[in-house]
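For the sequence shown, the UniProt record's numbering begins at 1 and goes up steadily by one. One structure is given below, encoded as structure tokens.
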Amino acid sequence: MSLGRSLGKRFRANLIETFQSHPCHQELDVLDRSDHIKVVACSSEVATWWLGRFRAAYPQDHLSGDRIVKLHPEAGVTLQINRDDGTLRIKGRNHLKWFESNFRAIVEDGSAELSTSVSTAQILDKYLRMNDEFTVPYLLRRLPPSGALKHGPTYIYRLWRGLLDHWVESGDDVYIVTPHLDAKRLADAILILAKHRLAMSRLHVFTVSHCDGENKYNKVLKDAKEMTRDLKGPNKKRLLSEERLNFTLNRLEAKFGRFRCKLIAVCRENHAEVMMTSASFHHWCFENEGTDSVAFFKLSAKELIQQYLAPLGLEHSVFDSDQDSVVASTSSHGDSTFETSTFGDESLRPASFASDP
Numbered sequence: 001m002s003l004g005r006s007l008g009k010r011f012r013a014n015l016i017e018t019f020q021s022h023p024c025h026q027e028l029d030v031l032d033r034s035d036h037i038k039v040v041a042c043s044s045e046v047a048t049w050w051l052g053r054f055r056a057a058y059p060q061d062h063l064s065g066d067r068i069v070k071l072h073p074e075a076g077v078t079l080q081i082n083r084d085d086g087t088l089r090i091k092g093r094n095h096l097k098w099f100e101s102n103f104r105a106i107v108e109d110g111s112a113e114l115s116t117s118v119s120t121a122q123i124l125d126k127y128l129r130m131n132d133e134f135t136v137p138y139l140l141r142r143l144p145p146s147g148a149l150k151h152g153p154t155y156i157y158r159l160w161r162g163l164l165d166h167w168v169e170s171g172d173d174v175y176i177v178t179p180h181l182d183a184k185r186l187a188d189a190i191l192i193l194a195k196h197r198l199a200m201s202r203l204h205v206f207t208v209s210h211c212d213g214e215n216k217y218n219k220v221l222k223d224a225k226e227m228t229r230d231l232k233g234p235n236k237k238r239l240l241s242e243e244r245l246n247f248t249l250n251r252l253e254a255k256f257g258r259f260r261c262k263l264i265a266v267c268r269e270n271h272a273e274v275m276m277t278s279a280s281f282h283h284w285c286f287e288n289e290g291t292d293s294v295a296f297f298k299l300s301a302k303e304l305i306q307q308y309l310a311p312l313g314l315e316h317s318v319f320d321s322d323q324d325s326v327v328a329s330t331s332s333h334g335d336s337t338f339e340t341s342t343f344g345d346e347s348l349r350p351a352s353f354a355s356d357p
């Protein structure tokens with residue numbers, strides 16, 4: 001491969017990555033298809049929005065076609081809009097230059113009109129059952145400061161999802177600590193991360209290597225990813241593109257150890273919040289009839305570290321501000337030993353992520 005071609009591919013990848021890392025508020029995924037750029041949304045309604053945006057930006061140009069509408073805004077650039085699913089394809093020998101110079105401005109200028117269409121967040125809220133009156137404030141008002149015994153599926157699971165959603169949206173570090181974690185609950189957490197991609201929160205999962213009976217965490221993660229891939233939008237297309245899923249998984253980190261406590265927590269700048277429960281984050285407790293203890297409380301960030309993370313051996317690696325997107329190290333504290341990894345690069349996973357024999 002020539003140097004020029006290599007630099008061109010690198011520039012292209014960086015340009016797409018920049019948009020994905022700092023996306024507009026619209027629910028659009030920009031995908032690199034080597035010879036063109038594909039822009040997808042969860043609803044076909046976006047097709048009408050694209051037509052309106054391009055008519056406004058290029059009033060002198062003619063839009064041709066029925067099901068596939070074409071526009072040539074500049075020499076060497078062809079825009080194709082699929083009316084059926086809302087997909088936009090940017091093609092032609094100058095498509096990359098046009099994308100760099102014009103795309104973000106066209107999208108941002110039409111943000112008010114697009115905000116009225118069905119969004120990925122709305123679809124995820126419905127799927128996660130977070131679109132009803134059982135909000136986090138509503139549920140917390142029914143939980144005394146001392147904690148209480150509550151029904152697992154209808155109260156604790158709803159509060160668990162709602163708090164994770166609220167915390168991830170805030171952009172802070174969020175923690176899930178449990179020795180029992182199944183694919184559905186991990187998929188819930190991944191979808192919440194995907195919903196709030198602008199927040200850039202990181203999710204730290206602390207569990208045991210065999211967290212779902214005989215299934216190791218890597219098998220649970222694999223099944224959770226398949227669950228997210230199966231979700232469809234109103235346009236019958238996949239709700240989360242593979243690029244968006246991978247971007248989300250780069251914000252997920254897992255560590256393993258030996259413990260029995262179950263909690264979720266968030267560490268904010270001035271304080272921390274914790275939900276502690278006897279319920280496992282598993283269908284045993286979140287889908288079957290049963291009652292478990294649950295408590296919610298606030299404390300300082302220092303107290304969270306000293307009283308809850310340090311006994312698990314997590315205080316050093318979790319709060320290492322110098323760590324990058326991939327960590328492959330171990331830390332120990334007492335009887336707890338953890339291996340850690342994020343999932344942006346399969347080749348960098350530690351041996352504990354090897355497939356079951």
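Glycine residues also receive a C-beta, built at the ideal position from the N, C-alpha and C atoms. Model, not experiment: these values are computed from the prediction.
For Gln80, DSSP records a beta bridge to Lys70, Arg89. Annotation: the stretch 265-324 contains the following complete segments of the alpha helix (DSSP H) (minimum length 4 residues), in chain order: 283-286, 301-304, 315-318.
Between Leu203 and the set Asn235, Pro234, Leu299, Phe247, the nearest pair of CA atoms involves Phe247.
In terms of CA proximity to Arg129, Leu159 leads the group Tyr175, Leu181, Leu159. About 20 Å separates the CB atoms of Leu193 and His282; that is not less than 8 Å, and the two are not in contact.
DSSP, reduced to helix, strand and coil, places Asn215 within a strand of the structure shown.
Ranked by Cα distance from Lys97, the options Ala310, Met276, Lys298, Pro73 are led by Pro73. Shortest Cα-Cα distance from Leu28 to any of Leu88, Ser64, Cys211, Leu163 involves Leu88.
Bounds of the beta strand (DSSP E) holding His204 are 203-207. Short of 6 Å from the beta carbon of Val39, and not among the five residues preceding or following it, lie these beta carbons of its own chain, in chain order: Leu28, Val30, Leu88. Taking the Cα positions, Leu124 is about 11 Å away from Ala189. In this structure, the alpha-carbon of Thr207 lies about 40 Å from that of Gly86.
Lys222 counts as exposed, since fewer than 16 other C-beta atoms from the protein chains shown sit within 10 angstroms of its C-beta.
Just so you know, the alpha carbons of Leu304 and Glu242 end up roughly 35 Å apart. Ser64 is bridged by DSSP to Lys70. Assignment of Ala187 by DSSP, reduced to helix, strand and coil, places it in the helix class. With three or more CB-CB distances shorter than 8 Å, the stretch 299-313 counts as touching the stretch 251-267. From the listed residues Asp212, Ser34, His166, Lys219, the smallest Cα separation to Ile90 is found for Ser34.
With a cutoff of 7 Å on beta-carbon distance, His166 and Val136 are scored as near each other. DSSP links His151 through a beta bridge to Thr291. For Ser201 against Val168, the beta-carbon gap comes to about 4 Å, under 8 Å, which counts as contact. In this structure, the beta-carbon distance from Val294 to Lys150 falls below 7 Å. Residue state for Arg129 is assigned as coil, using DSSP reduced to three classes. One Cα belongs to Val174, the other to Val266, and the distance between them is close to 5 Å.
A residue is called buried once 16 or more other Cβ atoms fall within 10 Å of its Cβ, and Leu79 is buried on that count. Approximately 6 Å separates the beta-carbon atoms of Ala183 and Met227; this is inside 8 Å, confirming the contact. In this model, Tyr127 and Trp284 are separated by some 20 Å (Cα to Cα). In the DSSP annotation of this structure, the continuous segment of the beta strand (DSSP E) that includes Ala254 starts and ends at 252-256. Nearest neighbour of Leu231 by Cα position, chosen from Ser209, Asn215, Leu191, turns out to be Leu191.
Per DSSP, Ile156 has no beta-bridge partner at all. DSSP, read as helix, strand or coil, puts Asp165 in helix. In the three-state reduction of the DSSP assignment, Lys38 falls in the strand class. Comparing C-alpha distances from Asn82 to each of Asp172, Asn94, Asp66, Ala75 shows the shortest one belongs to Asp66. Counted as a single uninterrupted DSSP element, the stretch harbouring Leu140 is not any beta strand (DSSP E) but the alpha helix (DSSP H) occupying residues 136-141. Here Leu181 carries a strand assignment [DSSP, helix/strand/coil].
Under DSSP, no beta-bridge partner is assigned to Arg244.
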